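Reading through the structure tokens given below for one structure.
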Amino acid sequence: AQRVTQPEKLLSVFKGAPVELKCNYSYSGSPELFWYVQYSRQRLQLLLRHISRESIKGFTADLNKGETSFHLKKPFAQEEDSAMYYCALSGLSNTGKLIFGQGTTLQVKP
Amino acid sequence: EAEVAQSPRYKITEKSQAVAFWCDPISGHATLYWYRQILGQGPELLVQFQDESVVDDSQLPKDRFSAERLKGVDSTLKIQPAELGDSAMYLCASSPTGPTNYGYTFGSGTRLTVV
Numbered sequence: 764a765q766r767v768t769q770p771e772k773l774l775s776v777f778k779g780a781p782v783e784l785k786c787n788y789s790y791s792g793s794p795e796l797f798w799y800v801q802y803s804r805q806r807l808q809l810l811l812r813h814i815s816r817e818s819i820k821g822f823t824a825d826l827n828k829g830e831t832s833f834h835l836k837k838p839f840a841q842e843e844d845s846a847m848y849y850c851a852l853s854g855l856s857n858t859g860k861l862i863f864g865q866g867t868t869l870q871v872k873p
Numbered sequence: 002e003a004e005v006a007q008s009p010r011y012k013i014t015e016k017s018q019a020v021a022f023w024c025d026p027i028s029g030h031a032t033l034y035w036y037r038q039i040l041g042q043g044p045e046l047l048v049q050f051q052d053e054s055v056v057d058d059s060q061l062p063k064d065r066f067s068a069e070r071l072k073g074v075d076s077t078l079k080i081q082p083a084e085l086g087d088s089a090m091y092l093c094a095s096s097p098t099g100p101t102n103y104g105y106t107f108g109s110g111t112r113l114t115v116v
């Protein structure tokens, strides 16, 4: 079965501290993985996707197939990073369906 | 920047009543998705359209939920009768021509409260 697990409901860090939001997935094939973010009072939006190997707003995520993980990292957290973060998996390349984790609230304290 | 439009933003309805949500995807986007997000959980796909055809409705409670996209543009999701457990955020999303794994654009959602 396809599943995405985000073990932390809340991650609280101080401004300038490193951030790592954990995501583990369960899928037997080659997954496509994404991070979505929802800032307060805004719509859910795509942050980054693993196929692009991009860095958005200082965030990066590396797919580790051996550990079935796709953790989101940022070396120095900013207050404006405070938001809800969702990891998502697309395992069926011909449909685009996304399976989401339960989300992690990132709180960056001044 | 093009957006996915949804209405209404909020809806309060009584148990056993009918309720409908509307979604207008980004112009030219052939694929449209309806997701349900229960408080404290991630979004879960209810139904996916490719143009006017249903691609996946395996998680749609078909005894009470229905969805249509008659002309392959905007879409309506209906619940009849609503139950207390249907209280959730209903999100619509769209993506460019054909199924894609490049991520897609979400609307602001409709927050449904069933009382």
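Protein chains in written order, with the numbering used here: chain A, 764 to 873; chain B, 2 to 116.
Backbone N, C-alpha and C define an ideal beta-carbon position, used for all residues, glycine too.
Predicted model, so just to flag it, every value in this text is computed and none were measured.
What in chain A is Cβ-close to residue i, meaning under 7 Å?
i            : result
residue 67/B : Those do not exist, as residue 67/B stays about 19 Å from chain A at its closest Cβ, beyond 7 Å.
residue 43/B : 849, 863, 864, 865 and 866
Could one say the Cβ of residue i lies closer than 9 Å to chain B's Cβ atoms, at least one of them?
i             : result
residue 865/A : yes
residue 767/A : yes
Is the distance from the Cβ of residue i to the Cβ of residue j below 9 Å?
i             : j             : result
residue 17/B  : residue 83/B  : yes
residue 77/B  : residue 49/B  : no
residue 22/B  : residue 111/B : yes
residue 113/B : residue 20/B  : yes
Between residue i and residue j, which are expected to be in contact by the criterion C-beta below 8 Å, what is the C-beta distance as a whole number of angstroms?
i             : j             : result
residue 786/A : residue 833/A : 5 Å
residue 852/A : residue 769/A : In fact, because the Cβ distance is near 11 Å, the residues do not count as touching under 8 Å.
In chain A, which residues lie less than 9 Å from residue i when you measure between Cβ atoms?
i            : result
residue 92/B : 806 and 807
With 16 other CB atoms within 10 Å as the buried threshold, where does residue i fall?
i             : result
residue 862/A : buried
residue 777/A : exposed
residue 788/A : buried
residue 829/A : exposed
residue 825/A : exposed
In chain A, which residues lie less than 8 Å from residue i when you measure between Cβ atoms?
i            : result
residue 32/B : 859
residue 78/B : Going along chain A, no residue has its Cβ under 8 Å from residue 78/B, so there is no contact; the nearest lies around 17 Å.
residue 56/B : 858
Nearest chain A C-beta to residue i closer than 9 Å, yes or no?
i            : result
residue 73/B : no
residue 46/B : yes
residue 86/B : no
residue 81/B : no
Run through chain B and tell me which residues come within less than 9 Å of residue i, C-beta to C-beta.
i             : result
residue 822/A : Correct list: empty, because the minimum Cβ distance to chain B is about 14 Å.
For residue i, return the contacting residues in chain B, with the cut-off set at a CB-CB distance below 7 Å.
i             : result
residue 797/A : 104
task: Taking a Cβ distance cut-off of 7 Å, strictly less, list which residues of the region 2–34 of chain B are near chain E, in chain order.
output: Absence of chain E from the displayed structure is noted, the protein chains being A and B.
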